[in-house]
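What follows is a single structure, written as structure tokens, with notes after it.
Protein chains: 2
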Amino acid sequence: MTSSKKHKPFRAATLSDVGRAAGVSAMAASAVLNGARTSSRIAAETRERIIEAAAKLQYRPNAAARALANRRMQTLGLAAVIEGGELNPYFLEVFNGILEAAARHEQSTTVFTLHDWRRDASRLPSWCDGRIDGMILVAPTMTAETAKLLPIHTPFVAIHANVALPNVVNIETDEERGAYEMVRYLVAQGHRRILHVSGDEGLLGAERRLRGYKRALTSAHIKVDSSLIIPASFSGESGRNAMRGWLKRHAGEPLPHAVFCVSDGVAIGCMEALAEVGLRVPDDISVAGFDDTLAARTTVPQLTTVRQPLRAMGNRAVEVMLNCIQRQSDQSVPSPLTPLVFPVDLVPRASVGAPPAVKRIVPSHRAVP
Amino acid sequence: MTSSKKHKPFRAATLSDVGRAAGVSAMAASAVLNGARTSSRIAAETRERIIEAAAKLQYRPNAAARALANRRMQTLGLAAVIEGGELNPYFLEVFNGILEAAARHEQSTTVFTLHDWRRDASRLPSWCDGRIDGMILVAPTMTAETAKLLPIHTPFVAIHANVALPNVVNIETDEERGAYEMVRYLVAQGHRRILHVSGDEGLLGAERRLRGYKRALTSAHIKVDSSLIIPASFSGESGRNAMRGWLKRHAGEPLPHAVFCVSDGVAIGCMEALAEVGLRVPDDISVAGFDDTLAARTTVPQLTTVRQPLRAMGNRAVEVMLNCIQRQSDQSVPSPLTPLVFPVDLVPRASVGAPPAVKRIVPSHRAVP
DNA sequence: CTGAAAGCGCTTACAG
DNA sequence: CTGAAAGCGCTTACAG
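As given, the protein sequences belong to chains A and B, one line each in that order.
If you're matching positions, the first sequence starts at 1 in my numbering and goes up one per residue.
If you're matching positions, the second sequence starts at 370 in my numbering and goes up one per residue.
Structure, rendered in structure tokens:
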């Protein structure tokens, strides 16, 4: 193989290549092509030549070189648990919001997956090695102590942390109120025996939802019955199992009028378990979820749920993050805008009807847009 | 503020810092900490000191600097349309497979979202600027011409491309066989009048499924009746409209025994249209889908469908990609392992029963785990 | 076994 | 208005 024909991998054009092609130095090219500020210093005619040369060579500034010089990768990290046999629509919606806002601000988004927060939180620091400028934690389950070990150079924003994390901007929702309003709504439809399929104990979200459930019952003068509170985790499978288990243990006893589930995923699992034994929703039993993920609209019947503005929260996480990053180099930049606690909304759909005992003609429910 | 107290942003430790702390040069530190090959050259005692210093300083090699020197970012790009109802579960499963394999190979995954392939495919080149080492396209819908414009420096792998893309490794499934087997299965249940609600014309997936449908009928000596093939796109809404339209146009005529839909979304739309006119699935008419998305298990009855090994395909995409990247610098590396066409599986659930005319006692269908 | 040098491709002062 | 220089933090030959 001769030297001139050597089959070395093609390389992308660099600033020097562009400069050479345009008969100027690399930094003149830099000023025109990348430098926002200094670009005006270059003569209009030189400018033209440089831009032309860049187009011809398909010049694209090398991200790694840029990052090294600027100490900014223009990339946001996103750490989450996204697996579990069941698909995780919660994640998808938050994710959409983050990607959307990141793209709007011309940031890339790099996704890091954990199998389990407790076990894998220790891996977070290793990802803060210059490949991202900040890290958004989605539904992290970690102790405040662990959070203190996060590298100081990297800003962190958490959405739905299980506890308020130190050194981290926490973004959350008013889950207790969401649960409260859902249960009040069920009561208003005539339900009194309301089963709650709960989330993992110790998770802030699960506890807030449980608190809302209890408070709503109490305020409606319905006694909280602990046999109507069954544990699950946030997965569809656990919801299915929890519902199956309850049905088995309470065979022959009266059904609950309604089931309020800690999440849509759990609610869908419940609906599967109910379908297995031939129970129709909402004719025989009503089911409600929480989150208003995409899946809530794909079930038949569609799921009554509590909407969290997941997308907007993802958006906000990015904006807060960008703000933190800016402040690293420029302390005069003002702090993130409040509120970081987002309100929630009840979304009535077809999975909740009147209880069988008090069946009556009800207007057909329709999806709220 | 005195100079010594200047509040400049903390910086992560560099190799020089580590070298200084250990009393050696930066490249000695580099050899020990990052260089796999040269590391043996360093005296064991020096080694120790360096490792200790690195630990104390929490040294982490800067990814951007490394990428610049190595021309490898250790990051894979992933381009997909992830919004819009139907596609999401599909995407999530592929995504999981990709993230899983990428993490196993210590690659980051950066996600790029498109609103629409035709419009946004032109943005792909701008992302190939050194921030990723290769790009995986998920369900791209682009012309072969557009694919030719993709930068030559970056390897591309596509999962479920709408047409075989040039300069791209294409990973697909045997959709024709999936459709074939589904229709054979319907025939085996006693169905002969089988309606096919098809997908967008020109999409490879839709055409393959249609071909499988026709081939199965022919092989069962059932004449293909073009009035039993109706067009839709891949959305639930189009399925609902297609089914409604057919029912209206063919009022008074005999119903099909079964409906084979091009996707689960379309099948769900069909089920809604059938429910509207009081037809029960599967008692009056059977319905089958394709994809085995989350939604397939949430309908009542659960949907008989065809499963594609999306997760495994995501895995394979990463492995093929890594192989391509290696071959860029080392041409002696062997080519990707076949096969790149994945088999599919029939998933029988409750939405398919016997046709009304040949109704007989059938064992109760249950969900396949 | 260890260090000084050059380079990856960019940017940011600093000279002319 | 434009260019030569130094540096971002690493790696890879090349000397000692």
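For every residue, glycine included, the Cβ atom is placed at its ideal position computed from N, Cα and C.
Keep in mind the model is a prediction, meaning the values are calculated, not measured.
{"Query": "Status (buried if at least 16 other CB within 10 Å, exposed otherwise) for residue 542(B)", "Result": "buried"}
{"Query": "Where residue 476(B) falls, given that 16 or more other Cβ within 10 Å makes a residue buried", "Result": "buried"}
{"Query": "Listed by chain order, chain B residues near residue 313(A) by CB distance under 9 Å", "Result": "By Cβ distance, chain B contributes nothing, its closest Cβ being about 16 Å from residue 313(A), past 9 Å."}
{"Query": "Same chain, Cβ closer than 8 Å to residue 24(A), neighbours up to 5 away in sequence not counted", "Result": "46, 49, 50"}
{"Query": "Beta strand (DSSP E) segment containing residue 655(B), residue limits", "Result": "655-657"}
{"Query": "DSSP bridge partner residues for residue 79(A) (one or two, in chain order)", "Result": "112(A), 137(A)"}
{"Query": "Neighbourhood of residue 428(B) by C-beta distance below 6 Å, restricted to the same chain and skipping five residues each side", "Result": "382, 387"}
{"Query": "Nearest neighbour of residue 522(B), chosen from 513(B), 500(B), 488(B) [CA to CA]", "Result": "500(B)"}
{"Query": "Proximity test, residue 67(A) beta-carbon vs the ligand HEM heavy atom, cut-off 7 Å", "Result": "Absent from the structure shown: the ligand HEM. Ligands present: none."}
{"Query": "Selected residue, minimal CA-CA separation from residue 324(A), among 20(A), 158(A), 95(A)", "Result": "158(A)"}
{"Query": "Residue from 112(A), 327(A), 83(A) with nearest C-alpha to residue 135(A)", "Result": "112(A)"}
{"Query": "Proximal residues, the region 115-132 of chain A versus chain B, C-beta separation under 9 Å", "Result": "125, 126, 127, 128, 129, 130, 131, 132"}
{"Query": "Residues, ordered as in the chain, of the region 423-437 of chain B that lie near chain A by beta-carbon distance below 7 Å", "Result": "429, 430, 431, 432, 433, 434, 436, 437"}
{"Query": "At least 3 beta-carbon pairs within less than 8 Å: the region 246-263 of chain A vs the region 340-357 of chain A", "Result": "yes"}
{"Query": "Proximity to residue 533(B) [Cα-Cα], best of 684(B), 518(B), 512(B)", "Result": "512(B)"}
{"Query": "Cα-Cα separation, residue 641(B) to residue 609(B)", "Result": "6 Å"}
{"Query": "Same chain, Cβ closer than 7 Å to residue 399(B), neighbours up to 5 away in sequence not counted", "Result": "384"}
{"Query": "Proximity test, Cβ basis, 8 Å: residue 146(A) and chain B", "Result": "no"}
{"Query": "Contact list for residue 82(A) against chain B, beta-carbon separation under 9 Å", "Result": "461, 464, 465, 468"}
{"Query": "Residue span of the alpha helix (DSSP H) that contains residue 417(B), given as start and end", "Result": "413-426"}
{"Query": "Alpha-carbon to alpha-carbon, residue 581(B) and residue 545(B)", "Result": "4 Å"}
{"Query": "In DSSP terms, what residue 711(B) is bridged to", "Result": "542(B)"}
{"Query": "Cα-Cα separation, residue 217(A) to residue 286(A)", "Result": "17 Å"}
{"Query": "Member of 471(B), 716(B), 520(B) whose CA lies at the smallest distance from the CA of residue 490(B)", "Result": "520(B)"}
{"Query": "Residue span of the alpha helix (DSSP H) that contains residue 501(B), given as start and end", "Result": "That residue, residue 501(B), is in no alpha helix (DSSP H); it is neither H nor E in DSSP."}
{"Query": "Test: residue 477(B) CB closer than 8 Å to a CB of chain A", "Result": "yes"}
{"Query": "Whole-angstrom C-beta distance between residue 672(B) and residue 613(B), which should lie under 8 Å", "Result": "The Cβ separation is near 19 Å, so there is no contact."}
{"Query": "Chain A contact residues for residue 669(B), given Cβ-Cβ distances below 7 Å", "Result": "275, 300"}
{"Query": "CB contact check: residue 73(A) to chain B, cutoff 8 Å", "Result": "yes"}
{"Query": "Selection from 326(A), 344(A), 43(A) that minimises the alpha carbon distance to residue 306(A)", "Result": "344(A)"}
{"Query": "At least 3 beta-carbon pairs within less than 8 Å: the region 439-448 of chain B vs the region 633-653 of chain B", "Result": "no"}
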